[in-house]
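Chemist:
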Amino acid sequence: MPIAIGVTGNVEKTNCYDALKIGANMTEESALLKFKAIVIPVKQAENDADILIVETALMISKTHHNSTVIVGENIDLLVTLTARTSPKLEIFLLKPGKGKMK
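If you use our numbering, the sequence shown corresponds to residues -4 to 97, in order.
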């Protein structure tokens, strides 16, 4: 069960890259409706989303006993992830690259 910027989905239904494509060029409200339409649980943060994203990743990793990836560019995610993660869990932060691939 991958996680992509705080939204999770079942691999058979979609994956984190599909989820990012769906959210591109959409308003926030229409993106939330689209995620719900394809059975991706959606969480709305009331304040700063960093803690919600990390806590969701921790919960998924603990309950499903698998590796979890957080996709994001915010350094606060890395700091929060480092502070809250047990050494027994496999949670990774993937920062999308900028520029051309060779």
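Quick reminder that beta carbons are idealized off the backbone N, C-alpha and C, glycines included.
#1: State buried or exposed for leucine 89, treating a residue as buried only when at least 16 other CB atoms are found within 10 Å of its CB.
#2: What's the gap between the Cα of isoleucine 48 and the Cα of asparagine 61?
#3: Any idea if valine 66 is buried or exposed, counting beta-carbon neighbours within 10 angstroms, 16 or more meaning buried?
#4: Would you kindly work out how many angstroms separate the C-alpha atoms of isoleucine 46 and leucine 72, rounded to a whole number?
#5: Taking the straight line between their C-alpha atoms, what separation do you get for threonine 80 and alanine 40?
#6: Take alanine 52 and list the residues in its own chain whose beta-carbon comes closer than 7 Å to its own, dropping the five residues that flank it on each side.
#7: Going by alpha carbons, who is nearest to glycine 92 out of Glu50, Lys57, Ala44 and Glu68?
#8: Taking alanine 44 as the reference, give the member of Lys57, Thr58 and Ile70 with the closest Cα.
#9: Going by DSSP, what residue range makes up the alpha helix (DSSP H) through threonine 63?
#10: For leucine 72, report the span of its alpha helix (DSSP H) as first-last.
#11: CA-CA distance, valine 74 and glutamate 50?
Modeler: Reading off the structure:
#1: Translated into the one-based positions of the sequence shown, residue 89 becomes position 94. Exposed.
#2: As a first step, residue 48 is located in the sequence shown; it is residue number 53 there, counting from the start. As a first step, residue 61 is located in the sequence shown; it is residue number 66 there, counting from the start. Using only the alpha carbons, I get a separation of about 17 Å.
#3: On the sequence shown, residue 66 is found 71 positions in, with the first residue counted as 1. It counts as buried.
#4: Residue 46 sits at position 51 when you count from the first residue of the sequence shown. Residue 72 sits at position 77 when you count from the first residue of the sequence shown. Answer to the nearest angstrom: the Cα atoms are 8 Å apart.
#5: Position 85 of the sequence shown, counting from 1, holds the residue named residue 80. Position 45 of the sequence shown, counting from 1, holds the residue named residue 40. Roughly 20 Å separates the two Cα atoms.
#6: Along the sequence shown, read from residue 1 onward, the residue named residue 52 stands at position 57. Annotation for alanine 52: Ile(-2), Thr63, Ile65 and Ile86 place their beta carbon closer than 7 Å to its own, counting only its chain and skipping 5 residues before and after.
#7: As a working note, residue 92 is residue 97 in the sequence shown. For the set Glu50, Lys57, Ala44 and Glu68, the Cα lying nearest the Cα of glycine 92 is the one of Glu68.
#8: Within the sequence shown, residue 44 is the residue found at index 49, counting from 1. Of Lys57, Thr58 and Ile70, the residue nearest in Cα terms is Ile70.
#9: Numbered from its first residue, the sequence shown carries residue 63 at position 68. Run containing threonine 63: none in the alpha helix (DSSP H); it sits in the beta strand (DSSP E), 63 to 66.
#10: Position 77 of the sequence shown holds residue 72. In the DSSP annotation of this structure, the continuous segment of the alpha helix (DSSP H) that includes leucine 72 starts and ends at 70 to 79.
#11: For the purposes of this step, residue 74 is taken as the residue at position 79 of the sequence shown. For the purposes of this step, residue 50 is taken as the residue at position 55 of the sequence shown. The straight-line gap from Cα to Cα measures roughly 13 Å.
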